[in-house]
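According to this note's numbering, the residues represented by the sequence shown are 10 to 317, in order.
Ideal placement from N, C-alpha and C gives every residue a C-beta, glycine not left out.
First the structure, in the form of structure tokens, and then the observations on it.
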Amino acid sequence: MISKALLALATDIGFNIADDCVFGEYQGYMISLYEKGNRKIAFINYYLMDNEGDALKKFRLSESVKADILSFGIKEFEIEDNGVTIEIVDTVTKLLEYINAMIEKLTSEEIAGVKVCSECGKPLEDKYKKVSINLNRYALCDSCTLDLIQNSKKENNEKHKEIISGKIGLGILGGIIGLLLGIFVWNLIAYLGIVSMWAGFLLAMFIYFGYVLFKGRKGKLRLIITSILSIFGVIICSFTSQIIMYLVTNNQIAYFMNAPSSFIEIAIENSDFTMPIIIGLLCAAFSILIFASDILKEKAKTDIIKID
Numbered sequence: 010m011i012s013k014a015l016l017a018l019a020t021d022i023g024f025n026i027a028d029d030c031v032f033g034e035y036q037g038y039m040i041s042l043y044e045k046g047n048r049k050i051a052f053i054n055y056y057l058m059d060n061e062g063d064a065l066k067k068f069r070l071s072e073s074v075k076a077d078i079l080s081f082g083i084k085e086f087e088i089e090d091n092g093v094t095i096e097i098v099d100t101v102t103k104l105l106e107y108i109n110a111m112i113e114k115l116t117s118e119e120i121a122g123v124k125v126c127s128e129c130g131k132p133l134e135d136k137y138k139k140v141s142i143n144l145n146r147y148a149l150c151d152s153c154t155l156d157l158i159q160n161s162k163k164e165n166n167e168k169h170k171e172i173i174s175g176k177i178g179l180g181i182l183g184g185i186i187g188l189l190l191g192i193f194v195w196n197l198i199a200y201l202g203i204v205s206m207w208a209g210f211l212l213a214m215f216i217y218f219g220y221v222l223f224k225g226r227k228g229k230l231r232l233i234i235t236s237i238l239s240i241f242g243v244i245i246c247s248f249t250s251q252i253i254m255y256l257v258t259n260n261q262i263a264y265f266m267n268a269p270s271s272f273i274e275i276a277i278e279n280s281d282f283t284m285p286i287i288i289g290l291l292c293a294a295f296s297i298l299i300f301a302s303d304i305l306k307e308k309a310k311t312d313i314i315k316i317d
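Written out as structure tokens, the structure reads:
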């Protein structure tokens, strides 16, 4: 979502407007502007070579930006060989003011903008490719644009192969072993007379790591299988742990050994299973969110590439 202030700025300086950012050529540099929460972000595309001279330019540029942190309210910045990203918490007017200051620094260091390809340094024609990687725009030559697209497809294919390389059966086996371990730990905690509902967290954790250690298939399937096994385990443990606690609390071990079926009926009649199941499921869900978050990270690593 682009704010009205950023849209107005884009109109004033003649930038193109995309879904989540504005971009265009400004004073000889390809610039992308966008927002994240209350932060205004600018990416200025340029070209630096991998040599000692340009490494010194990069260092001086970094030191210069550090000196501006307080005066311009800079929250974060990142300087790379093909561009600098600046984040400030201020108005878009203040952001444009710093962009102008930044361009002066780049110009004084003789760091090239859209005159050359920001990937290989080859001189660009008037109609060069404006390639977006996520929200940042880059000025590239035809050859580097083609290489970027091909490499992106190759990386995505490799990620897909990695995801489907795991074995579903082995993953389920590992998850079941983790489930059995979780059931044992949960009931042991109950036997020791400790409130055991929070063990839903440990149960889901054991299931997840069992699935991973047995190299189960990655992706959404991992989340589905670990969730199903966790729900099954929580329901079982909610019943067995309550029965064990009833046995220990009422000193009914001898009675249980003589007539286990009758004891279980009595324990069920005198126990409340609703709350243990609810709390156990909540703890298991929290555990899955923590340990299965790598699925979200895998998605985040996939770059969105477009040619404007």
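DSSP three-state label for Asp204, please.
As a first step, residue 204 must be located in the sequence shown, where it is residue number 195. One point to set straight first is that residue 204 is Val, not Asp, in the sequence displayed. Three-state result, Val204: coil.
Under three-state DSSP, which class holds Ile9?
Residue 9 cannot be examined here, being either before or after the span of the chain that is shown, 10 to 317.
Alpha-carbon to alpha-carbon, Cys129 and Thr94
Your numbering for residue 94 matches position 85 in the sequence shown. Your numbering for residue 129 matches position 120 in the sequence shown. Cα to Cα, the separation comes out at about 20 Å.
Nearest-angstrom Cα separation, counted from Lys229 out to Ala309
Mapped onto the sequence shown, residue 309 falls at position 300. Mapped onto the sequence shown, residue 229 falls at position 220. Any reading at Ala309 must be qualified, since the residue scores a pLDDT of 45, below 50, and its modelled position is unreliable; the value itself is stated next. Near 14 Å, if we compare the C-alpha coordinates of Lys229 and Ala309.
Helix, strand or coil at Gly23 according to DSSP, with G and I counted as helix:
Taking the sequence shown and counting its residues from 1, the one referred to as residue 23 is at position 14. Of the three classes helix, strand and coil, the one that applies to Gly23 here is coil, per DSSP.
If you measure between the beta carbons of Arg226 and Gly180, is that distance less than 7 Å?
Numbered from its first residue, the sequence shown carries residue 226 at position 217. Numbered from its first residue, the sequence shown carries residue 180 at position 171. Yes, Cβ-Cβ distance for Arg226 and Gly180 is below 7 Å.
Within 10 Å of its beta-carbon, does Asn145 have 16 or more other beta-carbons around it, so buried, or fewer, so exposed?
Translated into positions along the sequence shown, residue 145 becomes position 136. Asn145 comes out buried.
Rounded to a whole number of angstroms, what is the C-alpha to C-alpha distance between Ile53 and Ile233?
For the purposes of this step, residue 53 is taken as residue 44 along the sequence shown, with counting starting at 1. For the purposes of this step, residue 233 is taken as residue 224 along the sequence shown, with counting starting at 1. Those two C-alpha atoms are separated by around 42 Å.
Could you give the distance in angstroms between the alpha-carbon of Tyr220 and the alpha-carbon of Gly191?
In the sequence shown, the residue the question calls residue 220 occupies position 211. In the sequence shown, the residue the question calls residue 191 occupies position 182. Straight-line Cα distance between these residues: approximately 13 Å.
In this structure, how does DSSP classify Leu133 when only helix, strand and coil are distinguished?
Against the sequence shown, residue 133 aligns to sequence position 124. Correct three-state label for Leu133: coil.
Check each candidate in Ile203, Asn91, Arg231 and name the one with the smallest Cα separation from Met214.
Taking the sequence shown and counting its residues from 1, the one referred to as residue 214 is at position 205. Ranking Ile203, Asn91, Arg231 by Cα distance to Met214 puts Arg231 first.
Lys315 versus Asp29: straight-line alpha-carbon distance, rounded:
Residue numbering aside, residue 315 sits at position 306 when the sequence shown is read from its first letter. Residue numbering aside, residue 29 sits at position 20 when the sequence shown is read from its first letter. Taking the straight line from one Cα to the other gives about 13 Å.
Residues near Ala14 in its chain [Cβ-Cβ closer than 6 Å; skip 5 each side]
In the sequence shown, counting from the first residue as 1, residue 14 sits at position 5. Closer than 6 Å at Cβ, skipping near neighbours: Val101.
Measure how close the beta-carbons of Ala293 and Val243 come, nearest whole angstrom, since I'm counting them as under 8 Å.
As a working note, residue 293 is residue 284 in the sequence shown. As a working note, residue 243 is residue 234 in the sequence shown. Between Val243 and Ala293 the Cβ distance is about 5 Å, and since that is below 8 Å, they are a contact.
Assess contact between the region 97-115 and the region 29-38, defined as three or more Cβ pairs (one per stretch) separated by less than 8 Å. Is contact present?
yes
Rounded to whole angstroms, what is the Cα-Cα separation between Leu149 and Ala64?
As a first step, residue 149 is located in the sequence shown; it is residue number 140 there, counting from the start. As a first step, residue 64 is located in the sequence shown; it is residue number 55 there, counting from the start. Those two C-alpha atoms are separated by around 21 Å.
Checking the sheet assignment: what are the DSSP bridge partners for Ser41?
One-based indexing of the sequence shown puts residue 41 at position 32. Answer by DSSP bridge pairing, in chain order: Phe32, Phe52.
Leu42 and Ala51 - do their beta-carbons sit closer together than 7 Å?
Here residue 51 refers to the residue found at position 42 of the sequence shown. Here residue 42 refers to the residue found at position 33 of the sequence shown. Yes, the pair counts as a contact, with Cβ atoms nearer than the cut-off.
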